[in-house]
Amino acid sequence: MAFNNGTQQKCKACDKTVYIAEMVSPGGVPYHNICFRCSQCNGRLALSNYSSMDGVLYCKPHFEQTLKEKGCMLLLFIYSFIEKKSYILMQARTPSKLSSVFSGTQEKCATCNKTVYPLEKVTVDGYYFHQNCFKCSHGGCKLTTSSYAALDGLLYCKPHFSQLFKEKGSYNNLNRSTSGKKSSGAQEVVDTDELKPEDSQSDIVGGTDDAPAI
19 MAFNNGTQQK
29 CKACDKTVYI
39 AEMVSPGGVP
49 YHNICFRCSQ
59 CNGRLALSNY
69 SSMDGVLYCK
79 PHFEQTLKEK
89 GCMLLLFIYS
99 FIEKKSYILM
109 QARTPSKLSS
119 VFSGTQEKCA
129 TCNKTVYPLE
139 KVTVDGYYFH
149 QNCFKCSHGG
159 CKLTTSSYAA
169 LDGLLYCKPH
179 FSQLFKEKGS
189 YNNLNRSTSG
199 KKSSGAQEVV
209 DTDELKPEDS
219 QSDIVGGTDD
229 APAI
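The opening residue of the sequence shown carries number 19 in my numbering; numbering runs sequentially from there.
Here it is, written out as structure tokens:
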């Protein structure tokens, strides 16, 4: 089997070859560092401060503006809350890009904490999962990188994420309802408080591949 040195990967923005040393890969999608920019203002982005919708990259201010212009206020409200509660999957430590090429067998699944190999790997926001472990924590539905939502280390399919929010009325209750199903390999980051209508809508989540379906 031919060794993949990264030269076969194409930047999503410019469609040119992207090498490991110059690559950033949000959600497993490769970009040149200099091509990873907001589609509205052309400002440089980082994995810690970007948002995306329908495959389009935004800085947080322009993402918020886009949601408001489209009338997606509930979606904006959900995103604001998630960012306040640290929308981060906690477990596997992200190795350097160069070491990942040569030591892929050291990568651990964020769900089961077992070794995950390239042929069975799903990469989300720099964390790794076995394909069989990348499931909704509520219903066990299989997920893809374009159809998942996450909160405090728990993965959801977008229908259950939206359904639980509507049924429970707060993410505090949502987390309680699924706590028994939480993987032992995932670590909760921040204790959640009850969602209140007056919570700020000014901060928008970064690092999501797609917005939860409403």
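From the three backbone atoms N, C-alpha and C, an ideal C-beta is built for every residue, glycine too.
- DSSP three-state assignment for residue 54, whether helix, strand or coil: Working through the sequence shown from its first residue, we reach residue 54 at position 36. In the structure shown, residue 54 sits in coil (DSSP, three-state: anything other than H, G, I, E or B).
- Message: Can you give me the C-alpha to C-alpha distance between residue 173 and residue 143, rounded to a whole angstrom?
- Response: What you label residue 173 is simply residue 155 of the sequence shown in a count that begins at 1. What you label residue 143 is simply residue 125 of the sequence shown in a count that begins at 1. Distance between the alpha carbons of residue 173 and residue 143 is about 13 Å.
- Item | Cβ shell of residue 41 (< 6 Å), same chain only, five flanking positions each side left out | Locating residue 41 in the sequence shown gives position 23, counting from the first residue. Hits under 6 Å: 48.
- Message: residue 141 and residue 46 - do their beta-carbons sit closer together than 9 Å?
- Response: The residue given as residue 46 occupies position 28 in the sequence shown. The residue given as residue 141 occupies position 123 in the sequence shown. Their beta carbons are under 9 Å apart, which means residue 46 touches residue 141 by this criterion.
- Check the C-beta distance from residue 146 over to residue 126 and give it rounded, since I have them as a contact under 8 Å. Numbered from its first residue, the sequence shown carries residue 146 at position 128. Numbered from its first residue, the sequence shown carries residue 126 at position 108. Between residue 126 and residue 146 the Cβ distance is about 7 Å, and since that is below 8 Å, they are a contact.
- Query: What are the residues that DSSP puts in a beta bridge with residue 179?
  - Reply: Along the sequence shown, read from residue 1 onward, the residue named residue 179 stands at position 161. Answer by DSSP bridge pairing: none, since residue 179 is not bridged.
- Task: Please name the residue or residues paired with residue 133 in a DSSP beta bridge.
- Result: Translated into the one-based positions of the sequence shown, residue 133 becomes position 115. Looking at the DSSP assignment, residue 133 forms a beta bridge with 126.
- Other residues of its chain near residue 152: CB distance less than 6 Å, five sequence neighbours each side excluded: Numbered from its first residue, the sequence shown carries residue 152 at position 134. The beta carbon of residue 152 sits closer than 6 Å to the beta carbons of 140 and 161 from its chain, once the five residues preceding and following it are set aside; these are given in chain order.
- Query: If you compare alpha carbons, which of 155, 157 and 133 is closest to residue 148?
  - Reply: One-based indexing of the sequence shown puts residue 148 at position 130. Measuring from the Cα of residue 148, the nearest candidate turns out to be 133.
- Message: Excluding the 5 residues flanking residue 56 on each side, which residues of the same chain have their C-beta closer than 7 Å to its C-beta?
- Response: By one-based count along the sequence shown, residue 56 stands at place 38. Here the set comprises 63, 75, 76, 77 and 80.
- Item | Beta-carbon proximity list for residue 53, same chain, < 6 Å, skipping 5 on both sides | Here the question's residue 53 lines up with position 35 in the sequence shown. Hits under 6 Å: 29, 31 and 32.
- Task: May I ask you to report which of helix, strand or coil DSSP gives residue 152?
- Result: Position 134 of the sequence shown holds residue 152. Residue 152: coil per DSSP, three-state reduction.
- Is residue 175 near residue 165, with beta carbons less than 9 Å apart? As a working mapping, residue 175 is identified with position 157 in the sequence shown. As a working mapping, residue 165 is identified with position 147 in the sequence shown. In contact: residue 175 and residue 165 (Cβ atoms closer than 9 Å).
- Query: Between the beta-carbon of residue 84 and the beta-carbon of residue 58, is there less than 9 Å?
  - Reply: Here residue 84 corresponds to residue number 66 of the sequence shown, with the count starting at 1. Here residue 58 corresponds to residue number 40 of the sequence shown, with the count starting at 1. The answer is yes: Cβ separation under 9 Å.
- Look up residue 85 in the DSSP assignment and say whether it is helix, strand or coil. By 1-based counting over the sequence shown, the position of residue 85 is 67. Three-state result, residue 85: helix.
- Through-space distance from residue 44 to residue 154, alpha-carbon basis: Here residue 154 is taken as the residue at index 136 of the sequence shown, counted from 1. Here residue 44 is taken as the residue at index 26 of the sequence shown, counted from 1. Spanning the two alpha carbons is a distance of roughly 20 Å.
- Given that a residue counts as buried once 16 or more other Cβ atoms are within 10 Å of its Cβ, and exposed if not, what is residue 39? For the purposes of this step, residue 39 is taken as the residue at position 21 of the sequence shown. The residue in question, residue 39, is exposed, as its Cβ has fewer than 16 Cβ neighbours within 10 Å.
- Message: Less than 9 Å between the beta carbons of residue 182 and residue 156, yes or no?
- Response: Indexing the sequence shown from 1 puts residue 182 at position 164. Indexing the sequence shown from 1 puts residue 156 at position 138. The answer is yes: Cβ separation under 9 Å.
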